[in-house]
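Asker: Pasting a structure here, questions to come.
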Amino acid sequence: MYEQFKAKAEGVGAEVHRFARETEALEFLRALLKTEGTAQAGGPVAVWAPGALRDGAGKVLLSLPGITGAVTREAAAGARIGISEVDWALADTGTLVQDQSAPEQRLVSSLTELHVAILRSGTILSDKLALLSKIDPRKSRYIAFITGPSRTADIERVLTIGVHGPKRVLILCIDETGVAA
Amino acid sequence: MKREFKESITRAVNNANLTGALGKFSEAYKVNRAKAYEGMDFEALRGTIADRKAYAASHLDEMAERFTANAEAAGAKVFRTSDPAAVKEYILKVARENGVKSVVKSKSMATEEIHLNAFLEANGIEVGETDLGEWIIQLAGQKPSHMVMPAIHMTKEEVAELFSKEVDERLSSDIPRLVEVARQELRSKFLKAEMGISGGNIAVADTGSIVLMTNEGNARLVTTLPKVHIALVGIEKFVEKFEDVVPVLTALPRSATAQLLTSYVSIITGPTENDDGSRKELHIILMDNRRSEMARDPKFKQALQCIRCGSCLNVCPIFRLVGGHVFGSVYTGGIGTILTAWFEELKKSDDIQGLCIQCGNCKEVCPGKLDIPEMIMEIRRRLVAEQGTSLAQKAIFGVVNNRKLFHGMLRAASIAGKAFTSGSFIRHLPLFLSDLTETRSLPAIAAEPFRDRFARIEQPKGCPEKAVFYAGCLIDFAYPEMGASLVKILNKAGIEVVFPQEQTCCGAPALYNGAWDVAAQNAADNIDALRADEATYVVSACPTCTVALNHEFGKTLETAGRTEWLEKAKVLAEKTVDFSTLVKRLVDAGRLTLKEGNELGKITYHDSCHLKRTLRVSEEPRELLQKAGYQVAEMFECDTCCGMGGSYSMKLPEISAPILQRKLHNIKETGAPLVAMDCPGCVLQIRGGFDREGSKVEVRHTAELLAEQVE
Chain V
125 MYEQFKAKAE GVGAEVHRFA RETEALEFLR ALLKTEGTAQ AGGPVAVWAP GALRDGAGKV
185 LLSLPGITGA VTREAAAGAR IGISEVDWAL ADTGTLVQDQ SAPEQRLVSS LTELHVAILR
245 SGTILSDKLA LLSKIDPRKS RYIAFITGPS RTADIERVLT IGVHGPKRVL ILCIDETGVA
305 A
Chain G
2 MKREFKESIT RAVNNANLTG ALGKFSEAYK VNRAKAYEGM DFEALRGTIA DRKAYAASHL
62 DEMAERFTAN AEAAGAKVFR TSDPAAVKEY ILKVARENGV KSVVKSKSMA TEEIHLNAFL
122 EANGIEVGET DLGEWIIQLA GQKPSHMVMP AIHMTKEEVA ELFSKEVDER LSSDIPRLVE
182 VARQELRSKF LKAEMGISGG NIAVADTGSI VLMTNEGNAR LVTTLPKVHI ALVGIEKFVE
242 KFEDVVPVLT ALPRSATAQL LTSYVSIITG PTENDDGSRK ELHIILMDNR RSEMARDPKF
302 KQALQCIRCG SCLNVCPIFR LVGGHVFGSV YTGGIGTILT AWFEELKKSD DIQGLCIQCG
362 NCKEVCPGKL DIPEMIMEIR RRLVAEQGTS LAQKAIFGVV NNRKLFHGML RAASIAGKAF
422 TSGSFIRHLP LFLSDLTETR SLPAIAAEPF RDRFARIEQP KGCPEKAVFY AGCLIDFAYP
482 EMGASLVKIL NKAGIEVVFP QEQTCCGAPA LYNGAWDVAA QNAADNIDAL RADEATYVVS
542 ACPTCTVALN HEFGKTLETA GRTEWLEKAK VLAEKTVDFS TLVKRLVDAG RLTLKEGNEL
602 GKITYHDSCH LKRTLRVSEE PRELLQKAGY QVAEMFECDT CCGMGGSYSM KLPEISAPIL
662 QRKLHNIKET GAPLVAMDCP GCVLQIRGGF DREGSKVEVR HTAELLAEQV E
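Residue numbers (this note's numbering), protein chains in the order written: chain V, 125 to 305; chain G, 2 to 712.
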């Protein structure tokens with residue numbers, strides 16, 4: 125399932141990395157934050173919306189300079205990187221699925237240029253049909269599907285990335301089951 | 002057709018940017034769409050969609066009530082109205098109550114339908130379209146030219162020009178740079194807007210959810226940043242159950258842009274929190290605007306199965322030449338013609354319905370299983386019923402309904418036409434008729450029609466079976482040699498051919514012009530003349546005639562209320578078969594043998610619209626030609642219309658001509674010296690085209706080629 129998901133997600137321009145353990149993913153994230161810009165005048169470089177990893181083993185990263193867990197509109201609009209922890213993925217289309225009823229989840233994944241999506245390998249489902257029994261619109265007011273970066277072909281049908289949403293989607297897929305999950 | 006309309010067509014077909022962009026897109030689309038649906042059962046998928054959407058459309062009140070109850074239980078405010086003016090007033094009222102000065106919108110055809118932007122702006126509210134294509138259109142002060150790709154008619158240079166003015170900076174036409182400018186400009190609009198307006202791709206009755214799909218991500222910002230969100234949803238967007246969302250999500254992106262899924266899908270059920278902790282105000286407007294009236298109309302209720310993917314535009318050979326603007330309304334293309342006739346008024350579709358050449362491409366790909374050509378025919382019929390046919394047409398159809406007079410005139414034309422004839426072609430006609438011969442020569446009327454020649458054909462005695470030959474006007478009066486070929490072939494298989502002299506026009510010209518009463522009389526006359534019950538087969542070498550005999554006669558007579566003919570029409574329909582299908586059967590049964598071992602060289606085959614898409618015949622003629630010793634080299638777009646379309650090529654020569662040019666080009670590209678087809682109408686168009694340009698490519702009916710190769 126992971127291989128199909130990876131192939132499809134990469135097919136629409138997302139980048140997919142796989143880690144056996146949370147700690148490895150956090151190391152990757154730490155290095156990413158370092159290379160993707162530490163110095164930024166004013167607000168934070170990265171915003172991380174609430175999630176099991178952030179509030180668990182990932183807490184240490186929040187104390188780094190330039191990264192914040194306090195996701196406001198201003199912080200997200202100014203940041204380059206948005207991190208969120210998604211609930212499901214669909215292998216047949218390379219899609220991430222998340223209950224984004226909390227606005228922070230949308231802010232980090234729509235206003236920033238680079239969206240880092242943390243996914244658990246065990247939550248990759250085959251397709252939309254398999255997802256149906258897992259989600260309930262009565263309980264989740266804003267269910268979001270994300271398939272690759274923001275794109276447009278509105279000028280001369282030329283595919284161009286990053287018109288309103290993220291220009292890059294980086295998926296960190298962790299095999300280890302999250303504590304809260 | 003009105004002069005301004007004709008002029009807008011001429012402008013469009015001569016706009017190289019437009020036809021270039023649309024042409025390139027349509028070619029890529031065909032390949033990419035097929036790839037997007039790879040490994041899927043498209044027929045099953047669209048069966049499900051048609052089913053679920055038809056259910057919702059036939060229970061609109063119930064859907065609206067359930068949706069309202071569920072959305073309101075989740076905290077949304079739902080406003081249902083049939084009146085576009087009430088929609089606008091409601092939105093203005095909500096805007097005033099919330100002190101709204103600026104609005105951001107994600108793409109919504111429903112708001113275009115009611116001209117919402119102009120209304121809000123007139124009331125002092127700034128409106129920003131945020132879909133890139135829509136924003137370009139808004140800056141240019143134009144209408145969208147395509148449902149999914151609103152600015153497909155514009156070049157990057159034109160966009161750079163518009164953006165330069167907007168940001169007061171000289172911009173180059175570098176597309177990524179232009180997109181970045183749009184990102185920056187629109188981001189500030191998003192952040193300051195107090196209200197977001199969206200459409201809705203799907204509305205789920207059981208849960209009160211609306212589903213929004215975008216690639217750019219603008220709908221996510223429209224529904225997240227402003228504190229008020231209004232979704233305007235046409236009530237054709239209903240599905241009953243949450244699981245019904247899946248087939249629509251599966252088909253819509255594949256059919257619209259050949260994507261497996263749009264970058265973003267949002268399923269919104271009730272208001273969420275705003276980022277300052279306050280609760281969002283969510284209003285959902287359910288707009289009718291004649292949709293429920295449409296749902297009650299037996300001929301048009303299927304239009305509510307449309308999921309607005311625009312694939313009918315993407316595969317239309319006419320649309321790719323003229324684009325959306327000639328339609329003069331918000332909705333364009335085949336589906337646009339139908340929606341305009343309803344949402345505006347029937348009369349408004351008078352000119353644009355004539356753009357449809359009835360090739361049937363759109364019906365093949367529609368994920369909602371809409372029969373768009375049939376609905377356009379119904380519009381024609383109603384227009385004729387409402388305002389009558391033009392005097393000129395009346396005169397023509399009067400003649401067609403009088404066989405003796407009609408055939409007498411055709412015979413006279415054979416003599417009168419001589420003045421313009423060179424060889425077997427009419428190469429030019431005087432004055433106002435000259436358009437007809439500008440891009441293709443017309444066949445000269447045969448000196449001896451098939452009906453006279455038939456008597457001199459000697460047939461073998463004692464054939465075990467009998468076939469009635471229905472010639473149709475073109476074979477009878479222009480190409481009698483095709484009829485002679487058919488007789489020769491069937492005789493070899495032990496079938497005696499009879500030719501009832503009372504047979505007349507199949508009625509297709511009248512039918513395709515909305516004159517159903519004329520077509521019904523043609524149907525009755527032919528049923529009477531052909532006496533199908535006395536033969537094993539009724540065979541025709543013209544697919545349009547075959548379709549008339551085995552698909553249309555019954556429907557036409559029923560619509561005209563002449564039910565006493567239905568039983569006989571059914572007998573005729575059951576016996577009717579097209580030439581290639583019958584011959585293939587005879588060859589397979591060992592009753593007919595083609596000469597073995599011949600190497601006849603390269604040939605290419607043109608699929609005629611009615612043969613391929615109504616009669617579902619495409620392999621039979623190819624297999625027969627191959628068996629006879631030809632090597633079939635497929636041409637690009639082999640099943641795209643040649644632009645003939647009966648009287649279409651005479652009414653709209655400015656569209657028919659470029660379609661023909663494309664066909665001629667594709668034929669020549671194969672390098673084959675010979676092209677075969679099963680329709681005398683296509684022969685007329687394509688042979689005339691090659692004659693006009695002085696090409697040596699030979700154009701033949703399959704019957705003529707096979708007649709040379711039967712043992």
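C-beta: ideal position from N, C-alpha, C; glycine also.
1) Looking at chain V, is there any beta carbon in it that lies within less than 9 Å of the beta carbon of L19 (chain G)?
2) Note down, one range per segment and in chain order, each beta strand (DSSP E) of at least 3 residues found wholly within the region 455-539 of chain G.
3) Determine the extent of the alpha helix (DSSP H) in which V588 (chain G) is found, giving its start and end residues.
4) From what residue to what residue does the alpha helix (DSSP H) around G129 (chain G) run?
5) Taking all protein chains shown into account, decide if F147 (chain V) is buried (16 or more other Cβ within 10 angstroms of its Cβ) or exposed.
6) Taking C-beta to C-beta, are I269 (chain G) and V246 (chain G) nearer than 9 Å?
7) From which residue to which residue does the beta strand (DSSP E) around S103 (chain G) run?
8) How many Å lie between G555 (chain G) and K364 (chain G) at the Cα?
9) Taking C-beta to C-beta, are P151 (chain G) and E167 (chain G) nearer than 9 Å?
10) Going by DSSP, what residues sit across from I336 (chain G) in a beta bridge?
11) Can you give the Cα-Cα distance for E122 (chain G) and L153 (chain V), rounded to whole angstroms?
12) Just the Cα atoms here: how many angstroms apart are L432 (chain G) and T547 (chain G)?
13) Check whether the Cβ atoms of K583 (chain G) and L491 (chain G) sit closer than 9 Å, and answer yes or no.
14) What three-state label does DSSP hand D223 (chain V) in the structure shown?
15) If you check the beta carbons only, do T215 (chain G) and K89 (chain G) fall under 9 Å apart?
16) Indicate whether G335 (chain G) and K54 (chain G) have their beta-carbon atoms separated by less than 9 Å.
17) Cβ atoms of L235 (chain V) and A201 (chain V): under 9 Å apart, would you say?
18) Grouping DSSP H, G and I as helix and E and B as strand, with all else coil, what is S9 (chain G)?
19) Quick check on the burial criterion: 16 or more other C-beta atoms within 10 angstroms. Buried or exposed for L19 (chain G)?
20) Are any of the Cβ atoms in chain A nearer than 9 Å to that of H288 (chain V)?
21) Should K36 (chain G) be flagged as near chain V, meaning a C-beta pair shorter than 9 Å?
22) By how many angstroms is the C-alpha of L222 (chain G) removed from the C-alpha of P174 (chain V)?
23) Kindly list, in the order they appear in chain V, the residues whose Cβ is closer than 7 Å to that of F26 (chain G).
24) Mind pulling the chain V residues with CB within less than 7 Å of K157 (chain G)?
25) Does DSSP classify I358 (chain G) as helix, strand or coil?
26) Select from G:S256, G:A58, G:A17 and G:K238 the residue whose C-alpha is nearest the C-alpha of A29 (chain G).
27) Using DSSP with H/G/I as helix, E/B as strand and the rest coil, what is A176 (chain V)?
28) Out of G:G48, G:D298, G:I50 and G:Y332, state which residue places its alpha-carbon closest to the alpha-carbon of K144 (chain G).
29) Closest Cβ-Cβ distance between F129 (chain V) and chain G: below 9 Å?
30) Whose C-beta lies closer than 6 Å to the C-beta of L294 (chain V) among residues of the same chain, with five residues either side of it excluded?
31) Spatial neighbours of F426 (chain G) within its chain, please: C-beta separation below 8 Å, excluding the five flanking residues on both sides.
32) Give the straight-line distance between the Cα atoms of K252 (chain V) and T49 (chain G), rounded to the nearest whole angstrom.
33) Can you name the start and end residues of the alpha helix (DSSP H) that R321 (chain G) belongs to?
34) Excluding five sequence neighbours on each side, which residues of the same chain lie with their C-beta closer than 8 Å to the C-beta of N599 (chain G)?
35) To which residues of the same chain is D579 (chain G) closer than 8 Å at the C-beta, ignoring the five residues directly before and after it?
36) Let me check understanding here. Comparing Cα to Cα, which of G:A561, G:A77, G:S609 and G:L314 lies closest to L685 (chain G)?
Answerer: Answer, in terms of the structure:
1) no
2) 466-471 and 496-499
3) F580 to D589
4) First-last for G129 (chain G): E127 to E130, but that is the beta strand (DSSP E), not the alpha helix (DSSP H).
5) Sequence inspection shows Thr at residue 147 (chain V); the Phe mentioned does not correspond to that position. So T147 (chain V) ends up on the exposed side.
6) no
7) S103 to K106
8) 21 Å
9) no
10) Per DSSP, none; premise fails for I336 (chain G).
11) 47 Å
12) Because the pLDDT at L432 (chain G) is just 47, under 50, the model does not fix this residue reliably, and the value given afterwards should be weighed accordingly. Cα-Cα distance, rounded: 35 Å.
13) One detail in the question is off: residue 583 (chain G) reads as Leu in this sequence, not Lys. Closer than 9 Å, so yes.
14) strand
15) no
16) no
17) yes
18) helix
19) buried
20) Structure shown: chain A not included; protein chains present are V and G.
21) no
22) 20 Å
23) R281
24) I279 and E280
25) coil
26) G:S256
27) coil
28) G:Y332
29) no
30) E139 and V240
31) S442, L443, P444, A445, G689 and D692
32) 15 Å
33) F320 to V323
34) A629, G630 and Q710
35) V540, S541, A542, P544, T547, L612, L616, V618 and D679
36) G:S609
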